[in-house]
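Let me begin by presenting the structure, written as structure tokens, before commenting on it.
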Amino acid sequence: MATATETATARPQFGRRLLPTILDEMARTQPGREMLSMPRSDKASDGWRPITFGQFADAVNRVAALLIKRHPRPQTDDTAAIGSMLRASDEYTTRFPTLSYVGPSDVRYHIFLLACVKAGCKALLISPRNSLQAQLNLFDKTSCGALYYDVSFKDRAAVWIKGRVGMQAFEAASVAEWLGEGSTRPAPVVPYERTFEEARWDPLFVLHTSGSTGLPKPVVARAGSFATIDLSRAVPDFRGCRSIFWDTFGAGRVFSPMPLFHAAGLYVSLTSSLFFDQPFALGFPDKPLTPQTVMDAVKHANVDVVVLPPAILEEMSHMPEAVAALAKLERVTFGGGPLSQEAGNTLVGRGVRLTNIIAATEMAPLYYYRQTDPKLWNWFLINTEATCIDWRKFGESEDGTLYEQVILRKAKDPGDQAPFYVFPEATEYSTKDLYFKHPTVPNLWGYHGRSDDIIVFSNGEKLNPVSIEAAVSRLPEVKSALVVGQGYFQPALFVEPADDAAATPEEQEALIARVWPAVERANRETVAHGRIVRELVAVTRPDKPFPRAAKGTIQRFAAVKLYAEEAAALYENFGGQDGFDRDGDEDPLNGGSFVPDLSSDQALAQSLAELFRRLAGLKERGATLDVDTDFYTAGVDSLATIQAARILRKALGTATSKKLPVDAVAPRLIYANPTPNLLSSYLMREVVSGHSKQNGHTSGIDGVDPSIKIMQAQLDKYTQCLPDPAAQKQKPPARTQGQTVIVTGTTGGLGSYLLEQLQASPAVAKVICLNRTEDARERQVRGNTERGLDTALAKAEFLRADLSEPRLGLASEVYERLLAETDRIVHNAWSVNFNMSIATFEPWVRGVRYLIDLSAACARRVPIAFVSSIAAVEGWLGPEPVPERQLPDLGLPGMGYGQSKLVASLVLDEARARGGVPSAIVRVGQIAGPRSRRGEWTRREWLPTLVRSSLHLGLLPSDLGGGMAADVDWVPVEDVATLVLEVAGVLPRREGWAAGEDEDKVEGYYHGINPTAAKWALLAQGIRGFYGPGRIRGLVPLSEWVAALERSAAETGAVEDQVERNPAVKLLDFYQALVEGGTEARTYELARTVGMSPTFAKLEAVTPELMVNWCRQWGFCA
201 MATATETATA
211 RPQFGRRLLP
221 TILDEMARTQ
231 PGREMLSMPR
241 SDKASDGWRP
251 ITFGQFADAV
261 NRVAALLIKR
271 HPRPQTDDTA
281 AIGSMLRASD
291 EYTTRFPTLS
301 YVGPSDVRYH
311 IFLLACVKAG
321 CKALLISPRN
331 SLQAQLNLFD
341 KTSCGALYYD
351 VSFKDRAAVW
361 IKGRVGMQAF
371 EAASVAEWLG
381 EGSTRPAPVV
391 PYERTFEEAR
401 WDPLFVLHTS
411 GSTGLPKPVV
421 ARAGSFATID
431 LSRAVPDFRG
441 CRSIFWDTFG
451 AGRVFSPMPL
461 FHAAGLYVSL
471 TSSLFFDQPF
481 ALGFPDKPLT
491 PQTVMDAVKH
501 ANVDVVVLPP
511 AILEEMSHMP
521 EAVAALAKLE
531 RVTFGGGPLS
541 QEAGNTLVGR
551 GVRLTNIIAA
561 TEMAPLYYYR
571 QTDPKLWNWF
581 LINTEATCID
591 WRKFGESEDG
601 TLYEQVILRK
611 AKDPGDQAPF
621 YVFPEATEYS
631 TKDLYFKHPT
641 VPNLWGYHGR
651 SDDIIVFSNG
661 EKLNPVSIEA
671 AVSRLPEVKS
681 ALVVGQGYFQ
691 PALFVEPADD
701 AAATPEEQEA
711 LIARVWPAVE
721 RANRETVAHG
731 RIVRELVAVT
741 RPDKPFPRAA
751 KGTIQRFAAV
761 KLYAEEAAAL
771 YENFGGQDGF
781 DRDGDEDPLN
791 GGSFVPDLSS
801 DQALAQSLAE
811 LFRRLAGLKE
821 RGATLDVDTD
831 FYTAGVDSLA
841 TIQAARILRK
851 ALGTATSKKL
861 PVDAVAPRLI
871 YANPTPNLLS
881 SYLMREVVSG
891 HSKQNGHTSG
901 IDGVDPSIKI
911 MQAQLDKYTQ
921 CLPDPAAQKQ
931 KPPARTQGQT
941 VIVTGTTGGL
951 GSYLLEQLQA
961 SPAVAKVICL
971 NRTEDARERQ
981 VRGNTERGLD
991 TALAKAEFLR
1001 ADLSEPRLGL
1011 ASEVYERLLA
1021 ETDRIVHNAW
1031 SVNFNMSIAT
1041 FEPWVRGVRY
1051 LIDLSAACAR
1061 RVPIAFVSSI
1071 AAVEGWLGPE
1081 PVPERQLPDL
1091 GLPGMGYGQS
1101 KLVASLVLDE
1111 ARARGGVPSA
1121 IVRVGQIAGP
1131 RSRRGEWTRR
1141 EWLPTLVRSS
1151 LHLGLLPSDL
1161 GGGMAADVDW
1171 VPVEDVATLV
1181 LEVAGVLPRR
1191 EGWAAGEDED
1201 KVEGYYHGIN
1211 PTAAKWALLA
1221 QGIRGFYGPG
1231 RIRGLVPLSE
1241 WVAALERSAA
1251 ETGAVEDQVE
1261 RNPAVKLLDF
1271 YQALVEGGTE
1281 ARTYELARTV
1291 GMSPTFAKLE
1301 AVTPELMVNW
1311 CRQWGFCA
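The sequence shown begins at 201 in the numbering used here and counts up one residue at a time.
Below is the structure:
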């Protein structure tokens, strides 16, 4: 059993602590302390959600108990009696069953790893980018008995399971389930009682090499080797400098976006929280790492330290706003590859505290020290004697004499030397890393490269080029081949002809054409990041033959040096290290041209799906990609994204007879539209521009808008197997007193006021608030404080729910309780994203069906009030007002948001007509700011943005363009909330409404439009009167205002503070569309709404005084 000195006590024995022991001790003594945080959603502005030691330890115990039940460990002799050499052997390691996990980079990796340790197993963490052969080889080498996978990896897991007979497969539960969210059952207690001496040789987890030297090889990390990182806290300072680890990970909260199947991701996250007492913030699990995601994390995750791959830092060094964000941090650490001197100098010159770490999968990082001179950021301070390094002379270079770093074993016991836990019989360990001495400062060493054949790219990926070179060198017209790329983003190939025939450019191009098929074949066999594109193939010069050893082999080091200038020029012509600006129409995998099918959005989506399958090698890895699959969930990497941007730019330019600029199809646009359908919609709308347009929609090859087909398919899908109407009629009605009301999406603007009025209603006993985040109550309190609303929330119960999941993603006992208690449902939660396609909105439509299922299964007849939008009917062309009834024409809405609202409304209509589930729909128009003095109209919306930029321009529009030239029918947010609750039957309706209708009946359509319109000219005078003529010189037509905005946009650029003062430049397209719109305002029937709603029956127009109130709330006068 662990002794007191081996637990996380006030005097920890650094270097002898075990991760499960530390975790259990923290959970016992400080259960509420934050261990880590993870993004609340895919929006950084939603913040990061904390996970405490208590929550995390419970999750580990919960999963460990499951693993013990499913995978009982074989009974063996007392391992304490086994000699250390045997305990370092493969035979000992096999006593710990291997269980593999693969999924998005979220907290389940950490939970699974430590649960395996407690269960007496070992976790094998695999890269999802491995080829099928590589995965099967890893399973075989580790005798893997079971694979746990996230649902998004289901297809790939099926292929792997089929290839390995006898391996079990289990779909892993969600993060919420592993954390026990929504469950009232206490987590089981799974004790861990091994001492350090008993456990030091135990396998902690299994990673694998990159596969750069062939198939990836498993590497077992043992508890003892991992504990050497902990020992760095006790390592004495060297020349007044602390160890890099203690200096970096002790500096504060750490942002660690590295993949969690990679050593860097695991080492950083586990050690920062458990060894260095600092919480870590995870990156986005399903989004690629970009400079923007880093900046978002720095801003919203409250971090002090970031650990990044050098390729990201390289890109950020060219972005002033990114450098400014990094400079605010305590430490910016990079590793896994080289950072260019220019980029590093730029960063430290602008105040970034840069730290370089070097390590390998086979060993924990060495004890280097952080030297204090920022100008020496690229040099390592190394205590050679303490680390027991033998610097062996390797050769000469432009950096001076190179030395290979070899670690000599100090004693039989590995002690603080991690490599000898991995290689227990070795007397020395060569890192194969080459260094050179600083010319004047002792103990400073610069990193040069590798002594073996491995190339390390700027993104940290590695490649052994031997197989590619051999495949090309076998050709009769080729004497030899050399792959280069150290420090660049991807590899390039130099071909040395068998004779001197390829002297002219034409002859060289002909040779490349003959060589290319062999390169293609090699590309199919190598790792994705090692594939060579045709633009990066060159022929050597006759006067510069490759240098060779006596036995005829190329001297790689000397050859790379000889062709350094040619390589630099090759990459420069290709578009720089990152390849963002390159031309040519060859497919980098097949050497042929890509011809997109532009006959429809859907046809282009299919073309895009096939392109990305080929670029990312998805087929070879057993992965799939359909038109609604996220590229990056499927396994597309950053290199494939860059290649796709280049190919698409060229192909679309050819197809449309245009010369497209680089930013027309840039990688960032693919990141922003990360499915074939989304990207297709964007390209057809923005790049192809106007191809086969009819009534604002893109027509398919059959003349039918593809989005309408998707709408119809969703409507058909979610109206299948509707409830039995007879069963609904037999139920008692919803209560009118003591009601329990479910509201979705309470933390936003409208949702907060819905909750406020439900809290105040004497007819309501409880409000069930369904939100997508765990800390919704805390967010509600913060938001209500700002809005001047109730913060006691005495009637409110907050549940984290996923409406797109069966039973709303709730635990069974919680869902069953809702069935018994609920009287009414108000469905408000919806993504307000006007760039998303109808296909992307499917989870929200699915959520409506699951709410229907909830209502149908309730003990009472539970009506659903749905907050829809006038966007669902924006295409109404009739001369009469938009009627208050169902409008089933799927062509009415013009964008995904409105389309999704229409489909959801029609699904509810079908459920009411065929399934007996009562529902009503409110088509809401412009929700304005509050009547109260507290709160505000959200600043990022179009009107507050217009006012803010008007102050910058000194001009205010005298009209609002087509459709809003004179009348404004906005409704304050409190009144919209009241209308929705009146429609739902929660709040009283107008007296006499029962005439011809059941008083409690909830059905039909209503319009959230102000029946009394205001004149914009009057409101504009109120705005100008508030700010004064000194800030708004005059009123001009909207067309003149937009022209002034266009001129200012050219001056504003991307400077953050200017955009803050003039935010309308970000919505310039929207305001231009208002100018170009028609002059006829669309009107709406309101007789039914006014007849039912006491609030709308007496609703007055927006007044100049109310407009002034909103101006005061915005605070733009400050």
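By construction, the Cβ of each residue, glycine as well, lies at the ideal position given by its N, Cα and C atoms. Everything numeric in this text was worked out from a predicted model, so none of it was measured.
Could you tell me which residues DSSP puts in a beta bridge with I754?
The residue labelled residue 754 in the question sits at position 554 within the sequence shown. BP columns for I754 point to R748.
What residue does the beta strand (DSSP E) around C588 start on, and which one ends it?
As a working note, residue 588 is residue 388 in the sequence shown. Counting along the chain, C588 falls outside any beta strand (DSSP E), and DSSP gives it neither H nor E.
Complete alpha helix (DSSP H) runs within the stretch 865-889 (minimum length 4 residues, chain order)
867-872, 876-882
What distance in whole Å lies between the Cβ atoms of C588 and L608, which are believed to be in contact at a cut-off of 8 Å?
On the sequence shown, residue 608 is found 408 positions in, with the first residue counted as 1. On the sequence shown, residue 588 is found 388 positions in, with the first residue counted as 1. So it is a contact: roughly 5 Å between Cβ atoms.
Could you compute how far the alpha carbon of G465 sits from the alpha carbon of N583?
What you label residue 465 is simply residue 265 of the sequence shown in a count that begins at 1. What you label residue 583 is simply residue 383 of the sequence shown in a count that begins at 1. Distance between the alpha carbons of G465 and N583 is about 26 Å.
Grab the span of the alpha helix (DSSP H) containing H500 for me, first residue to last.
Taking the first residue of the sequence shown as position 1, residue 500 is located at position 300. 491-500 is the extent of the alpha helix (DSSP H) around H500.
Compute the Euclidean distance between the alpha carbons of V1255 and A524, then round it to the nearest angstrom.
Locating residue 1255 in the sequence shown gives position 1055, where the first residue counts as 1. Locating residue 524 in the sequence shown gives position 324, where the first residue counts as 1. Unreliable placement is indicated for V1255, whose pLDDT of 38 sits below 50; no coordinate value is reported for it.
Coarse secondary structure for M1292, derived from DSSP in three states:
Residue 1292 sits at position 1092 when you count from the first residue of the sequence shown. Three-state DSSP puts M1292 in a helix.
Is any heavy atom of the ligand MN found at a distance shorter than 7 Å from the C-beta of Q1126?
With respect to the ligand MN, the structure offers nothing, as it holds no ligand at all.
Would you say P1294 and G1185 are within 8 Å of each other, going by their C-beta atoms?
Locating residue 1294 in the sequence shown gives position 1094, where the first residue counts as 1. Locating residue 1185 in the sequence shown gives position 985, where the first residue counts as 1. The answer is no: Cβ separation not under 8 Å.
Nearest residue (CA-CA) to K637, options S673, P624, V684, L581
Position 437 of the sequence shown, counted from the first residue, corresponds to residue 637. Considering only alpha carbons, the answer is L581.
Quick check for students: name the residue ranges of the alpha helix (DSSP H) that lie wholly in the stretch 1006-1045, counting only runs of 4 or more.
1012-1021
Identify, in the order they occur along the chain, each residue of the same chain with its Cβ nearer than 7 Å to the Cβ of A963, setting aside the five sequence neighbours on each side.
Position 763 of the sequence shown holds residue 963. Correct list, in chain order: T936, Q937, Q939, V1186.
Can you look up A927 in the DSSP assignment and give me helix, strand or coil?
As a working mapping, residue 927 is identified with position 727 in the sequence shown. It is helical.
Whole alpha helix (DSSP H) elements within the stretch 1044-1111, 4-residue minimum
none
Since Y953 sits in a beta bridge, which residues does DSSP pair it with?
The sequence position of residue 953 within the sequence shown is 753, counting from 1. Bridge partners of Y953: none, in fact.
Run the CB neighbour count on G1230, radius 10 Å, all protein chains shown included, and call it buried at 16 or more, exposed below.
Start at 1 with the first residue of the sequence shown, and residue 1230 comes out as number 1030. Per the 10 Å Cβ criterion, exposed.
With H, G and I counted as helix, E and B as strand and the rest as coil, what does DSSP make of F214?
Along the sequence shown, read from residue 1 onward, the residue named residue 214 stands at position 14. Correct three-state label for F214: coil.
Simplified DSSP state of Q1320, which is helix, strand or coil:
Only positions 201 to 1318 of the chain appear in the structure, and residue 1320 is not among them; the question remains open.
L1267, enclosing beta strand (DSSP E) - first and last residue:
Sequence index remark: in the sequence shown, residue 1267 carries index 1067 (1-based). Looking at the DSSP string, L1267 is not in any beta strand (DSSP E), and its letter there is neither H nor E.
Separation of P212 from E206, as counted between CA atoms:
Working through the sequence shown from its first residue, we reach residue 206 at position 6. Working through the sequence shown from its first residue, we reach residue 212 at position 12. With a pLDDT of only 39 at E206, under 50, the local geometry of the prediction cannot be trusted, and the value read off the model is given with reservation. Each residue's Cα considered, the two are about 7 Å apart.
Rounded to whole angstroms, how far is the Cβ of A866 from the Cβ of A840, which I believe are closer than 8 Å?
Stepping through the sequence shown from its first residue, residue 866 is reached at position 666. Stepping through the sequence shown from its first residue, residue 840 is reached at position 640. With 8 Å as the limit, A866 and A840 do not qualify as a contact, their Cβ atoms being about 15 Å apart.
Near R1049, which residues of its chain fall below 7 Å by C-beta distance, leaving aside the five closest residues on each side in sequence?
Position 849 of the sequence shown, counted from the first residue, corresponds to residue 1049. Within the same chain, R1049 has close Cβ partners Y918, V1107.
Please go through the same chain and pick out, in chain order, the residues whose beta-carbon is closer than 8 Å to the beta-carbon of T627, but skip the five residues on each side of it.
Along the sequence shown, one-based indexing puts residue 627 at 427. Around T627: L608, R609.
Taking the straight line between their C-alpha atoms, what separation do you get for D837 and L1179?
On the sequence shown, position 637 is the one that residue 837 refers to. On the sequence shown, position 979 is the one that residue 1179 refers to. Their backbone Cα atoms lie some 48 Å apart in a straight line.
I think W1216 touches V1168, with their Cβ atoms under 8 Å apart; what is that distance to the nearest whole Å?
Locating residue 1216 in the sequence shown gives position 1016, where the first residue counts as 1. Locating residue 1168 in the sequence shown gives position 968, where the first residue counts as 1. Confirmed, Cβ separation roughly 5 Å.
Under a Cβ-count criterion, where at least 16 other Cβ atoms within 10 Å of its own Cβ denotes burial, should K593 be classed as buried or exposed?
The residue given as residue 593 occupies position 393 in the sequence shown. Classification for K593: exposed.
So which of F438, V498, V656, L266 has the shortest CA-CA distance to A387?
As a first step, residue 387 must be located in the sequence shown, where it is residue number 187. A387 has its Cα closest to that of L266, out of F438, V498, V656, L266.
When the Cα of A722 is compared with those of L663, A764, A702, Q755, which residue comes out closest?
The sequence position of residue 722 within the sequence shown is 522, counting from 1. Among L663, A764, A702, Q755, the Cα nearest to that of A722 is on L663.
Taking DSSP as the reference, what is the three-state secondary structure of A326?
Residue mapping note: residue 326 aligns to position 126 of the sequence shown, counting from 1. The displayed chain sequence assigns Ile, not Ala, to residue 326. The answer is coil: DSSP assigns I326 none of H, G, I, E or B.
Report yes if the C-beta distance between L482 and V733 is below 8 Å; otherwise report no.
As a first step, residue 482 is located in the sequence shown; it is residue number 282 there, counting from the start. As a first step, residue 733 is located in the sequence shown; it is residue number 533 there, counting from the start. No, Cβ-Cβ distance for L482 and V733 is not below 8 Å.
Sheet register partners of G1234 (DSSP bridge)
Here the question's residue 1234 lines up with position 1034 in the sequence shown. The partner list for G1234 (beta bridge, DSSP) reads L1155.
Nonlocal neighbours in the same chain, by C-beta distance under 7 Å from L808, ignoring five residues either side
Counting from one through the sequence shown, the residue named residue 808 turns up at place 608. Correct list, in chain order: P876, L879, S880.
Determine, using beta carbons only, whether I326 and V351 come nearer to each other than 8 Å.
Within the sequence shown, numbered from 1, the residue matching residue 326 stands at position 126. Within the sequence shown, numbered from 1, the residue matching residue 351 stands at position 151. No.
Out of P1211, F214, E1246, E1300, which one is the CA nearest neighbour of T1289?
Mapped onto the sequence shown, residue 1289 falls at position 1089. Among P1211, F214, E1246, E1300, the Cα nearest to that of T1289 is on P1211.
First and last residue of the alpha helix (DSSP H) that includes R814?
In the sequence shown, the residue the question calls residue 814 occupies position 614. It spans 801-816 - the alpha helix (DSSP H) in which R814 sits, taken as one unbroken run.
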